[in-house]
Structures are given as structure tokens and as C-alpha cells.
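Going by the numbering used here, 335 is the number at position 79 of the sequence shown; the sequence numbering is gapless.
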Amino acid sequence: MNHTPHQVAITGLTKRFGARLVLDNVSLAVDTGQTVALIGPSGAGKSTLLRCINGLNTFEAGEIRVGPHVLRPGHDHGGAPVRQVRRVFGMIFQDFQLFPHLTALENVIEAPVHVLGAGRHEAARRGRQLLQRVGLGDRAGAYPRELSGGQKQRVAIARALAMEPRGLLCDEITSSLDPELKCEVLAVLEDLRRDGLTLLLVTHEIGFARRAADRVIVLADGRVVEEGPPNEVLGNPQAARTQRFLSQLLM
Ligand SMILES: Nc1ncnc2c1ncn2[C@@H]1O[C@H](COP(=O)(O)OP(=O)(O)OP(=O)(O)O)[C@@H](O)[C@H]1O
Ligand SMILES: [Mg+2]
257 MNHTPHQVAI TGLTKRFGAR LVLDNVSLAV DTGQTVALIG PSGAGKSTLL
307 RCINGLNTFE AGEIRVGPHV LRPGHDHGGA PVRQVRRVFG MIFQDFQLFP
357 HLTALENVIE APVHVLGAGR HEAARRGRQL LQRVGLGDRA GAYPRELSGG
407 QKQRVAIARA LAMEPRGLLC DEITSSLDPE LKCEVLAVLE DLRRDGLTLL
457 LVTHEIGFAR RAADRVIVLA DGRVVEEGPP NEVLGNPQAA RTQRFLSQLL
507 M
């Protein structure tokens, strides 16, 4: 694993879809090793923000720095900065996006073998370790259709970890899961946090954010409306928009 700092520093990020302004001059930072929960109402631009960091969306103005790598407006999806940023931060989605025709282990070793050129044997050895780490040591040969939602999401986490990222971008990765399965996945995230991974999580799990996040950022209508430590932002929100959002969550 490389140990260069990989602070995320976003300045003036502006993103439009057609005439719709989706991210409006967003600036924020995530320090190396921090866990940051990104919360806010539907349509706020949370997924778009993560997709911009990961190079899945382009943007019109501003800059995204990840350690020494810089994404600027109009960057090429397959260009060097995007590839470099993806090596630093893996991304995980709500719907897992596993390959259905591959076993858990094959899903995990696919990228190391095909992108990094790792040997199959060594990749499989390491893949088994990663499955063990997410509590699935005994399910390496299972196909996604044979796994529960929580197990699939843990395979997706192991797959992201197989690229040895310094951090993860997680977009509501527990939203489609039952409460018990949520707990399994959140426990894995807490474990990764303790191991020093940098985590930027879009989440509606306010309890988890309160317990595990170093900072909470509230995004609404494409803007950062409030940010700070969880006990302040979640316990004593100052912005009216945050108060309204949190009170709706509790209904
Ligand atoms: N590919 C697209 N084309 C056009 N508009 C889009 C596209 N993707 C997102 N949008 C719009 O951008 C806005 C922000 O969407 P985004 O998915 O980032 O919100 P979100 O905060 O993740 O919401 P949710 O909590 O519902 O997931 C929304 O108004 C959405 O309709
Ligand atoms: Mg979203």
C-alpha cells in the first residue's frame, strides 16, 4: 500500500445537467484517514458529487484534488488523472454491481488480474483474505444470486479493497438492506475506518454517522449548507435546511 497523503480538496465545484444546476460552487475537504458522512435530501447532488470525484461525471467549473492528482472541467473520463484518482478511492454503489456470472472470489480478483496484471494464484490468495476480512471466508465460491444483499455488498467492499485503495466512496451502500444486514455492512465500514481508510459516505444512517463519522456535511440544493462534528450538525443543527431535513428523517 502506498502511504502518500490523499486529502480530497474540492473547490468551487459546479455541475449542470442541461439547464439544471446540480452542484453550485461546492467546496469541501476530506482529510487523510477521516470518515465523512455526506447527508441531505433526495436530489441534493450527493451521488453526483461522488461521481465527479470518481470521474464518472464531468463538471463545468472548479477543481477536485485527490492528493497530487487534479481533476478539472472537461477532463477525459479515461484520462490519466481519473485513473489515478480511482486507484486512490474505490467506489461502491447501492446496487452492488457485481458480475452475476462470476463467483464472489472471481468478482474480487477480476480487477487485480485484468487491470493490475496480478497473477491469478496470488490474486486468489489475497482475494480469499479479503473475503475473510468482510466475514465471507466460507462463501468464496458462491455466485451473487446465492448471496444475501448484505453478503453481496460485503463482496463489493472486498472487490474495492482488492485494488488496495486508500479510501472508499460509498453511495448509500446500505439503503437497500434490511436492518440486520445493514449492521453487517456498517460493521465492516467501522473496521476499515479503524484500519485508517479514508471514507466518504453518502448515508441516511444517522445513528451510524453520529457514531462513526469524524465530520458530517449537509448538502441541499447543490450546496453545502452545514458541516461540522456529528454531535453539532446532528445534535444541534444551525441551518434551517438541516433542521428540516433531520426532522423529516425522524418522521
Ligand atoms: N444523468 C443525469 N441527467 C440529468 N439529470 C440528472 C442526472 N443525474 C442526476 N440528475 C439530477 O441531478 C440532481 C442531483 O441528483 P443526485 O442523484 O446527485 O441526487 P442525490 O442527492 O444523490 O439524491 P438521492 O438521495 O435521491 O440519491 C437531481 O435533480 C437529478 O434529477
Ligand atoms: Mg443519490
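C-beta atoms are modelled at their ideal positions from N, C-alpha and C, and glycine is treated no differently. Values in this document were obtained by computation on a predicted structure and should not be read as measured data.
Item	Value
Inter-residue spacing [alpha-carbon to alpha-carbon] between Glu319 and Asp394	43 Å
Cutoff 8 Å; reference Val282; Cβ partners in own chain excluding five residues on either side	Ile266, Gly268, Leu269, Thr270, Gly301, Leu305, Gly318, Leu475, Gly478, Arg479, Val480
Within 9 Å, strictly: CB atoms of Leu490 and Leu502	yes
Coarse secondary structure for Arg422, derived from DSSP in three states	coil
Same chain only: Cβ atoms within 8 Å of Met257, ignoring 5 sequence neighbours per side	Reliability fails at Met257, whose pLDDT of 46 lies under 50, so the model's placement of it is uncertain and the value that follows must be treated cautiously. Correct list, in chain order: Glu420, Arg422.
Top-ranked residue by Cα proximity to Thr430, from Leu457, Asp451, Arg415, Arg450	Leu457
Any non-hydrogen atom of ligand 1 within 8 Å of Ala293 CB	no
C-alpha gap between Gln263 and Pro485, whole angstroms	18 Å
Helix, strand or coil at Ser298 [DSSP, three-state]	coil
Distance cut-off 8 Å: Thr430 Cβ against heavy atoms of ligand 1	no
Nearest-angstrom beta carbon gap, Thr454 and Gly542 [assumed within contact, 8 Å]	No answer is possible for residue 542: it lies beyond the span of the chain, which begins at 257 and ends at 507.
Proximity below 9 Å, CB of Gln433 to CB of Thr291	For clarity, residue 433 is Leu in the given sequence; the question names Gln instead. No. Outside cutoff.
Complete runs of the alpha helix (DSSP H) confined to the segment 382-432 [at least 4 residues]	405-417
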